[in-house]
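Peer 1: One structure, as structure tokens, below. Some questions next.
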Amino acid sequence: MNHGFIGFGHLANAIYEGLREEEDLRFGYFARNDKQSGLPFFARLEDLLAFSDVIWLTIKPQDLSGILQQLQSFPYTDKVFVSPVAGKSIAFIERYLDKSATLVRIMPNMAVAYRKSVTAFATNRPDDEKVQAVYHTLASLGKVVRLEEDQFDLFTAVFGSGPAFILAYLKAFKDKIRAFDLPETVLDALVLELSEGTLRYYSEGCRSQTLEELIGAISSKGGTTQAGLDYFRDHRLAETADEMLEAARKRSEEMGRG
Numbered sequence: 045m046n047h048g049f050i051g052f053g054h055l056a057n058a059i060y061e062g063l064r065e066e067e068d069l070r071f072g073y074f075a076r077n078d079k080q081s082g083l084p085f086f087a088r089l090e091d092l093l094a095f096s097d098v099i100w101l102t103i104k105p106q107d108l109s110g111i112l113q114q115l116q117s118f119p120y121t122d123k124v125f126v127s128p129v130a131g132k133s134i135a136f137i138e139r140y141l142d143k144s145a146t147l148v149r150i151m152p153n154m155a156v157a158y159r160k161s162v163t164a165f166a167t168n169r170p171d172d173e174k175v176q177a178v179y180h181t182l183a184s185l186g187k188v189v190r191l192e193e194d195q196f197d198l199f200t201a202v203f204g205s206g207p208a209f210i211l212a213y214l215k216a217f218k219d220k221i222r223a224f225d226l227p228e229t230v231l232d233a234l235v236l237e238l239s240e241g242t243l244r245y246y247s248e249g250c251r252s253q254t255l256e257e258l259i260g261a262i263s264s265k266g267g268t269t270q271a272g273l274d275y276f277r278d279h280r281l282a283e284t285a286d287e288m289l290e291a292a293r294k295r296s297e298e299m300g301r302g
């Protein structure tokens, strides 16, 4: 199956990195200029369409309307369009390509490059064989969750933007241990080991314990961990994190109205 990317930025490259070892998939892309990616580059959009069975709309939200207007000029009824464009619904794309187009809306994250993405999935053709093939392709890149489109804004906030939010917290940890006066690479290694060990603890422990119980197992009354957790609760940092996610969700909604 041939996969064509319209645009080849960070997300398109991450998807390609996750899929590049698949023997039965071939790739190409159309962009404003040749990215020197090693993939076939199509200077004309119609040539990419002729090549592709699956077309990934890996472009910025503000560029989507213009690309869809261009696509109207070409035959596309035998193609599957996959859109990870934040805030843009299947109905929005159908305004340009009409209801005969086969559309898949997804929301992955950058961990797709390492086959560790959590990806939301919705489609207007759930029984289409090519759509099912796209679903299985995405499933090879991590966890895929079928959702109604009205749930995409929250999903985008938590799982699409989530890696950046988690990294922002990890940066705070890294900045704190700069007091050790260690090389940057060592600081990164320490924070990575903390993260990986914590995730392993969560992965093993959540089979039989809640998150609250796992947290409680690390803390002891009157101890250092409890002092930090008391500050966390007294200053409503969980509520602050919720407000951060809510701000991202609302922005996704706003983009959908644009």
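Each number in my numbering corresponds to the 1-based position in the sequence shown with 44 added. Quick reminder that beta carbons are idealized off the backbone N, C-alpha and C, glycines included.
Please report the distance separating the alpha-carbon of Cys250 from that of Val202.
Peer 2: So the alpha carbons of these two residues sit roughly 20 Å apart.
Peer 1: Using three-state DSSP, classify Gly266 as helix, strand or coil.
Peer 2: Note: Gly266 maps to coil in three-state DSSP.
Peer 1: Buried or exposed: Leu47, going by 16 or more other Cβ atoms within 10 Å of its Cβ?
Peer 2: The amino acid at residue 47 is misidentified as Leu; the sequence shows His. With 16 or more other Cβ atoms within 10 Å, it is buried.
Peer 1: Using a Cβ-Cβ cut-off of 6 Å (strictly less than) and excluding sequence neighbours within five positions of Val156, which residues of its own chain qualify?
Peer 2: Result list for Val156: Ala58, Ile59, Gly62 and Leu185, in chain order.
Peer 1: Please state the DSSP three-state secondary structure of Ser161.
Peer 2: Ser161 falls in the strand class under three-state DSSP.
Peer 1: Distance, Cα to Cα, Val162 vs Pro128?
Peer 2: Computed Cα separation, rounded: 13 Å.
Peer 1: Just to confirm, does Asp91 get its C-beta within under 7 Å of one of the non-hydrogen atoms of the ligand GDP?
Peer 2: Within the structure as shown, the ligand GDP is missing, as the structure has no ligands at all.
Peer 1: Between the C-alpha atoms of Met288 and Ile210, what's the straight-line distance to the nearest angstrom?
Peer 2: Taking the straight line joining both Cα atoms gives about 12 Å.
Peer 1: Does the Cβ of Phe224 have 16 or more other Cβ atoms within 10 Å, making it buried, or fewer, making it exposed?
Peer 2: That one is exposed.
Peer 1: Assuming the contact rule is C-beta atoms closer than 8 Å, Pro105 and Ala130 should be a hit. Round their C-beta distance to whole Å, please.
Peer 2: That pair is a contact at about 6 Å.
Peer 1: Got a sec, what are the start and stop residues for the alpha helix (DSSP H) Tyr140 sits in?
Peer 2: That run of the alpha helix (DSSP H) goes Ile134 to Leu141.
Peer 1: Please state whether the Cβ-Cβ distance between Ala145 and Phe165 is less than 8 Å.
Peer 2: No; because the gap between Cβ atoms is not below 8 Å, this pair is not in contact.
Peer 1: Can the beta-carbon of Thr167 be found closer than 8 Å to that of Val175?
Peer 2: Contact flag set, yes.
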